[in-house]
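Residue numbers (the numbering used here): -14 to 390.
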Amino acid sequence: MITYEFKIKGKEPQYRAIDEAIRTSQFIRNKCLRFWIDNKGVNKYNLSAYCAVLAKEFPFANELNSTARQASAERCWAGITRFFDNCKKKIAGKKGFPRFKKNQRSVEYKKSGWKLTEDRKRITFTDKKWIGSFKLIGTYDLHFYQVEQIQRVRLVKRADGYYCQFGIQAENTQEVEPTGKSIGLDVGLNHFYTDSSGAKIDNPRYLRKSERRLKRLQRQVSKKVKGSNNRKKAINRLGRKHLRVSRQRKDFVVKLARCVVISNDIVAFEDLKVRNMVKNHHLAKSISDAAWSQFREWIQYFALKFGKVAVAVPPHFTSQNCSGCGQIVKKSLSIRTHACKCGVILDRDENAAINILIKALKLLGYISNTVGHTEINACGEMLLYLNLETAFKQERSVKQESPSL
């Protein structure tokens, strides 16, 4: 399924109607969660049937389209299912028990409750919330798809306005020619990542660059009287600035991930637990600003789209192990150069990136586990060649320095 997003242009009463629909959707979701907590053995179908009970009991809930009420119940059940899955997997710590929503920002419709015009430039919502018709502002063309392919329509409220998203059931794959290249990525804070060939990408640090302006806007919010219109305006200005930072970060990550995946057939990266890493309060802001998790998600998405291979490897000892001989060379975070007794001298992050690539190739079976021996195998119809200048250039340099090897 692919998602197309348009900004919608309407009048102020229409925006207030969307807000009311969002609050109603939040109310139904929270009611379904309370029903699940109070009654043992409730399943997905019981929650869907409970929506009809809520519609009869509360007139404002009956004004919302029936499929939108069912979508709210499905959202509730998705949180419950995720909680049970985490319990079955025995994930350490909190298991994500579903919580009541306090500030929901979207309402979702299914197949009914909306209608597109013939030119696909406007959308009309037909439930009793009287949301009305909106002009769709965007660059996507909905004429490429049939109306029957649109599975979901979602109205989203953000700091800079209202948006309409279309969830379209369609294949999202593209065929690209194999490049015969593989790459290992080691993410960091000094540089966004260092790859196995030694190339470095600078960390843009969008939050750090905007921090001064954000602090000023936050002070303006604090000075306003609670509940006043001036405070609401100040909150909106602050929200717009945060939204800009998040969009800058996403734009950087998406473009970089696409470039990496298209240029390589195998992309290896560390399976980092960012949720645990941000518990370090000295580095939490910088780690969050780097958006490592978002970068990984987009790499996996583009790998699936373009038919490439994305491999997450365990991060253990990738910085400590020598990429030439495999011996452990202990070093603190302040030491940025890897120097081994075997003669390999490398940047710390480059050494880690090569180790990540070697781990991924061993998992995929492209190279054997024998130290000092490289065996290249074929995979399907595509033959992937390991670039010796990137992954094993240390071993070659050692052989040149020591004829006995």
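Even glycine gets a Cβ: it sits at the ideal position worked out from N, Cα and C.
Quick caveat: nothing in here was measured; it's all calculated off a predicted structure.
According to the Cβ coordinates, are residue i and residue j closer than 8 Å?
i, j, result
"Thr164", "Ser51", "no"
"Leu49", "Ala77", "no"
"Phe119", "Ile108", "yes"
"Ile272", "Ser167", "no"
"Leu342", "Ala276", "no"
"Tyr35", "Tyr125", "no"
"Lys87", "Phe68", "no"
"Ala46", "Thr9", "yes"
"Ala337", "Ser304", "yes"
"Phe12", "Tyr148", "no"
"Val210", "Leu223", "no"
"Ala288", "Arg225", "no"
"Gly(-5)", "Gly169", "no"
In this structure, what does DSSP give as the bridge partners for residue i?
i, result
"Gln150", "Glu(-10) and Arg139"
"His323", "Leu331"
"Val92", "Leu140"
"Gly78", "For Gly78, which the question treats as bridged, DSSP gives no partner whatsoever."
"Ala297", "Phe254"
"Val463", "As shown, the chain starts at -14 and ends at 390. That puts residue 463 outside it, with no answer to give."
"Leu223", "Answer is none; Leu223 lacks a bridge partner."
Give the DSSP-derived three-state secondary structure of residue i in the structure shown.
i, result
"Ile116", "coil"
"Arg190", "coil"
"Ala56", "helix"
"Leu39", "helix"
"Arg107", "strand"
"Asn336", "helix"
"Phe302", "coil"
"Glu360", "Summary for Glu360: the model assigns pLDDT 38, below 50, so the residue's position carries little reliability, and this model does not support an answer."
"Lys315", "coil"
"Leu101", "strand"
"Thr66", "helix"
"Lys209", "coil"
"Lys200", "helix"
"Lys185", "strand"
"Leu348", "helix"
"Ser167", "strand"
"Leu121", "strand"
"Val383", "No answer about Val383 holds up, because its pLDDT of 33 lies below 50 and its placement is not dependable."
"Asn214", "helix"
"Val161", "coil"
"Ala46", "helix"
"Ser308", "coil"
"Phe287", "helix"
"Gln131", "coil"
"Lys73", "helix"
"Arg232", "helix"
**Q.** Any alpha helix (DSSP H) of 4 or more consecutive residues that is wholly inside the segment -8 to 37
**A.** -3 to 23
**Q.** contact_flag[the segment 210 to 225, the segment 290 to 302] where n(CB pairs < 8 Å) is 3 or more
**A.** no
Q) Are three or more beta carbon pairs between the segment 58 to 72 and the segment 22 to 36 nearer than 8 Å? A) yes
Q: Report yes or no: do the segment 341 to 352 and the segment 279 to 297 share at least 3 C-beta pairs separated by less than 8 Å?
A: The segment 341 to 352 makes contact with the segment 279 to 297: 3 or more CB pairs, one atom from each, lie closer than 8 Å.
Q | Three-pair Cβ contact test at 8 Å for the segment 133 to 153 versus the segment 92 to 109 | A | Verdict: yes, contact present.
Q | beta strand (DSSP E) segments (min. 3 residues) lying fully within the segment 234 to 283 | A | 251 to 255
Q. Given 8 Å as the limit, is there contact between the segment 228 to 243 and the segment 185 to 204, that is, 3 or more CB pairs closer than that?
A. yes
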